[in-house]
Amino acid sequence: MPSREGVTSGGLRARRRRETSDRIQQTALALVSEHGLDHVTVEQISTQAGVSVRTFFNYFPSKESALADGPPPIPDHARAAFLAGTGDVLADLTTLFVAHGIEFEARRSTMECFHQVLRDNPRLMPLQLQRFHQFELDVAELIGARLGLDDDEDDTARLAAAVVLAAVRVGMERWSRDFDVSPAAEVGRALANLRSLWTSLVA
Numbered sequence: 001m002p003s004r005e006g007v008t009s010g011g012l013r014a015r016r017r018r019e020t021s022d023r024i025q026q027t028a029l030a031l032v033s034e035h036g037l038d039h040v041t042v043e044q045i046s047t048q049a050g051v052s053v054r055t056f057f058n059y060f061p062s063k064e065s066a067l068a069d070g071p072p073p074i075p076d077h078a079r080a081a082f083l084a085g086t087g088d089v090l091a092d093l094t095t096l097f098v099a100h101g102i103e104f105e106a107r108r109s110t111m112e113c114f115h116q117v118l119r120d121n122p123r124l125m126p127l128q129l130q131r132f133h134q135f136e137l138d139v140a141e142l143i144g145a146r147l148g149l150d151d152d153e154d155d156t157a158r159l160a161a162a163v164v165l166a167a168v169r170v171g172m173e174r175w176s177r178d179f180d181v182s183p184a185a186e187v188g189r190a191l192a193n194l195r196s197l198w199t200s201l202v203a
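Numbering of the sequence shown is given in the UniProt record's numbering, commencing with residue 1 and proceeding in unit increments.
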């Protein structure tokens, strides 16, 4: 059974790694957006990002992987609040992912650039899907820790994560079509619709 403490992420070192990773990714997106994927090298990305090529490969195995923009980490305070909760799990998941939506808001310009790069380079899609799959596994672990599920019950947590993230994805897709709206609001609305749908199904 994953412990509640074991699935919190954070610490100064982890934050610094995320900052470096974000800087490399933003640099890669800007260069590829301007010059095209086939005309940008790892060396160029590293130089512009202010890191060595060795450091680049400590974070990403290829320039393509540096462009795949998976979901940002769930904020530490939101993870901790969810794990400490004892009430309605779906309500607490809604609070969790609304907080996560605010993280997307902070990455608005990066997301706009990423969506353009992805449209221009559809071969990046498999890497993108891998990132989302890993995020789903992380959310399942978080749900499993909150519910106190044993390892042989993790299908329950995986199912819960898949259903909730399907709703989150609907909200994020709405935002990706109109970056002037709030991602947190769109995610909250999608999860409210999920609750209404679930209520009608079990009534």
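We treat Cβ as the ideally placed atom computed from N, Cα and C, and that holds for glycine.
This one's a predicted model, so the numbers in the text were calculated from it and none came from an experiment.
Since residue i and residue j are thought to touch, with beta carbons under 8 Å apart, how far apart are those beta carbons, to the nearest angstrom?
i: Ser33; j: Val117; result: 6 Å
i: Asp69; j: Phe114; result: 4 Å
i: Val168; j: Val181; result: Going by Cβ atoms, the distance from Val168 to Val181 rounds to 15 Å, so no, they are not a contact pair.
i: Ala190; j: Val170; result: 5 Å
i: Ala166; j: Val139; result: At roughly 12 Å, the Cβ-Cβ gap does not stay under 8 Å, so Ala166 and Val139 are not in contact.
i: Leu137; j: Arg79; result: About 15 Å; that fails the 8 Å criterion.
i: Ala99; j: Pro75; result: 6 Å
What would DSSP say about residue i, mapped onto helix, strand or coil?
i: Ile74; result: coil
i: Ala68; result: coil
i: Val181; result: coil
i: Leu197; result: helix
i: Asp22; result: helix
i: Thr86; result: coil
i: Asp120; result: helix
i: Thr41; result: coil
i: Gly188; result: helix
i: Met1; result: Confidence is the limiting factor: at Met1 the pLDDT is only 46, short of 50, which leaves the residue's position unreliable and the question unanswerable from this model.
i: Gly50; result: coil
i: Ser176; result: helix
i: Asp155; result: helix
i: Ser62; result: coil
May I ask which residues mark the beginning and end of the alpha helix (DSSP H) holding residue i?
i: His100; result: 89 to 106
i: Asn58; result: 53 to 59
i: Leu37; result: That residue, Leu37, is in no alpha helix (DSSP H); it is neither H nor E in DSSP.
i: Gly144; result: 125 to 147
Legend entry - Validate contact between the stretch 80 to 98 and the stretch 145 to 164 using beta carbons, cut 8 Å, 3 pairs: yes
Inset, instruction - Say whether the stretch 63 to 82 touches the stretch 26 to 42, bearing in mind that this needs 3 or more beta-carbon pairs closer than 8 Å, one atom from each stretch. - result: yes
Legend entry - Cβ contact check for the stretch 14 to 29 and the stretch 103 to 114: 3 or more pairs under 8 Å: yes
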